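Worksheet: the structure to be examined is printed underneath.
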Amino acid sequence: MPDKPPAGKPKAATRARPADRVFKFLSTSAAVSIMVILAGVALFLLVRALPAITAGWSTNPELKSGVTGGFASFWAYVSPLAFGTVWASVIALLMATPVAIGIALFISHYSPRRMANFLGYIIDLLAAVPSVVYGLWGILVMRPFLLPMQEWLNAYLGWIPLFSGKVTSTGSSILTGAVVLAVMVLPIITAISREIFLQTPKLHEEAALALGATRWEMIQLSVFPYARSGVVSAVLLGLGRALGETMAVAMIISPAIIASFRIITEGENPQTIASNIALNFPIATGMQRDALIGTGLVLFVISLAVNMLARLIVNVKPRKKPPKKKVPTGDGGRSPAEAAVGAAMVAAVGAGADRDRTSEGGLL
130 MPDKPPAGKP KAATRARPAD RVFKFLSTSA AVSIMVILAG VALFLLVRAL
180 PAITAGWSTN PELKSGVTGG FASFWAYVSP LAFGTVWASV IALLMATPVA
230 IGIALFISHY SPRRMANFLG YIIDLLAAVP SVVYGLWGIL VMRPFLLPMQ
280 EWLNAYLGWI PLFSGKVTST GSSILTGAVV LAVMVLPIIT AISREIFLQT
330 PKLHEEAALA LGATRWEMIQ LSVFPYARSG VVSAVLLGLG RALGETMAVA
380 MIISPAIIAS FRIITEGENP QTIASNIALN FPIATGMQRD ALIGTGLVLF
430 VISLAVNMLA RLIVNVKPRK KPPKKKVPTG DGGRSPAEAA VGAAMVAAVG
480 AGADRDRTSE GGLL
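Residue numbers (the numbering used here): 130 to 493.
See below:
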């Protein structure tokens, strides 16, 4: 008798088809190309920026004049720019985050289905608006609109360093730029938060409502704890968008390479790295361009760190608490919450039965 074939997977199942091999090669190449492009960008920025970083700015004739003039070193030049970038982005997030979370909660837990779909479409559409359109809106609408408010803040709250100094006469302040940035990052934070809120387990929400919690209490007890890490990552992704924004900030703010916490004053608006590159790169030459590329390297590192932090927060899993010993409660080992829900259901059923008996007695 012929020997039986060895047990195992069928030959057709173990042999990859040519189409599968081609698809695997293409998908692997696409994944590797992302890393290669990222490494290539970082290498390009580092090679081009290294001469300006290591050069003596006080003795180099190119760096002593032009767009880089008046600074003793590269770090003295990039520090106020990095400060302005982070400061404008933080102000924008402080304004955008509460509004975005409120909109996301309304869409996910309060609005009717049709309205939720319509609002979700509008929010997604805002993310596709070009930044130059936001810049024009900031110049023509927000600057004159916010000017009276800036004067009021300076008149009544000028004792606070944030609102002190001479108010700008044109409205071109970092506050105006931050408001426009807040509108730009609003769709990102709202869209991500909305999807996270919708992923809250329905059993958690129904259990809170069954125990007598209001809608807001249910959100506090069930939705927020579940979505906390996701909302934080959404805010950080919005921060990454705000850090790299160029045209809107360059069009609105009257910039100065200075580190100042004042947000409504004239001539003290910190410049951002992206807008500084956009404004000065066409007129820079030689080592000055290398210095601007060096500031781009700093922005690249900041943005990469923010996005990596967001990814890390998303991937962090909450620690599981050790199981507690069950104490006999006379309810078959159920937890107090389960017992309360069961009691509420029994009471509801009993009340319904009483109503049925009453109605039957009335009919009789």
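Positions of the beta carbon are idealized from the N, C-alpha and C atoms, including for glycine.
Small disclaimer: the values here were computed from a predicted structure and weren't measured.
With respect to the 9 Å criterion, SER187 and ALA178 are not classified as neighbours on the basis of their beta carbons. Contact between the segment 271-287 and the segment 357-373 is absent, with fewer than three C-beta pairs closer than 8 Å. Note that the C-beta distance between GLY367 and THR226 is below 9 Å. A residue is called buried once 16 or more other Cβ atoms fall within 10 Å of its Cβ, and ARG146, having fewer, is exposed. Here the alpha carbons of VAL364 and ARG243 stand approximately 27 Å from one another.
If you ignore the 5 residues before and after HIS333, its C-beta comes within less than 6 Å of the C-beta of SER351, all in its own chain and listed in chain order. Taken atom to atom, the span from the alpha-carbon of TRP266 to that of PHE152 is near 46 Å. The straight-line gap separating the alpha-carbon atoms of SER158 and ALA385 is approximately 44 Å.
From the listed residues GLY249, ILE402 and LYS295, the smallest Cα separation to ALA217 is found for ILE402. Per DSSP, reduced to three states, the secondary structure at ALA385 is strand. For ASN398, the secondary structure class from DSSP, reduced to helix, strand or coil, is strand. Residue range 147-183 is occupied by the alpha helix (DSSP H) that includes LYS153. Under the Cβ criterion (8 Å, minimum of three pairs), the segment 298-309 counts as touching the segment 392-400. Residues GLY264, GLY267, ILE268, MET271, ARG272, SER301, THR305, GLY306 and VAL309 of the same chain have their beta carbon placed closer than 8 Å to that of ILE381, with the five preceding and five following residues left out of the count. The alpha-carbon of GLY341 is positioned some 55 Å away from that of LEU426. Distance from the Cα of THR343 is smallest, within the candidate group PHE154, GLY195, ILE163 and HIS238, for HIS238. Excluding sequence positions up to five before and after PHE410, its CB lies within less than 8 Å of the CB of ARG418 and LEU421, all in the same chain and listed in chain order.
DSSP places VAL312 within a helical segment (H, G or I) once states are collapsed to three. One alpha carbon belongs to VAL176, the other to GLY195, and they sit about 22 Å apart. Here the alpha carbon of VAL207 sits roughly 13 Å from the alpha carbon of PHE429. For GLY249, the enclosing alpha helix (DSSP H) has its first and last residue at 242-255. Annotation for TYR239: no alpha helix (DSSP H) segment contains it, and DSSP assigns it neither H nor E. In the DSSP assignment, GLY199 falls outside any alpha helix (DSSP H) and carries neither an H nor an E. Relative to LEU210, the option among SER322, PHE390, LEU248 and ILE289 whose CA is nearest is PHE390. DSSP, read as helix, strand or coil, puts VAL296 in strand. Taking all protein chains shown into account, PHE212 has 16 or more neighbouring C-beta atoms within 10 Å of its C-beta and is therefore buried. C-alpha of VAL443 to C-alpha of GLY185: approximately 43 Å in a straight line. Going by C-alpha positions, LEU315 is about 17 Å away from ASN246. The beta carbons of ALA311 and VAL228 sit closer together than 9 Å. By the neighbour-count criterion, in which a residue is buried when 16 or more other Cβ atoms sit within 10 angstroms of its Cβ, SER156 is exposed. Distances from the alpha-carbon of SER240 to those of LEU222, LEU327 and TRP204 put LEU327 closest. Assignment of PRO190 by DSSP, reduced to helix, strand and coil, places it in the coil class.
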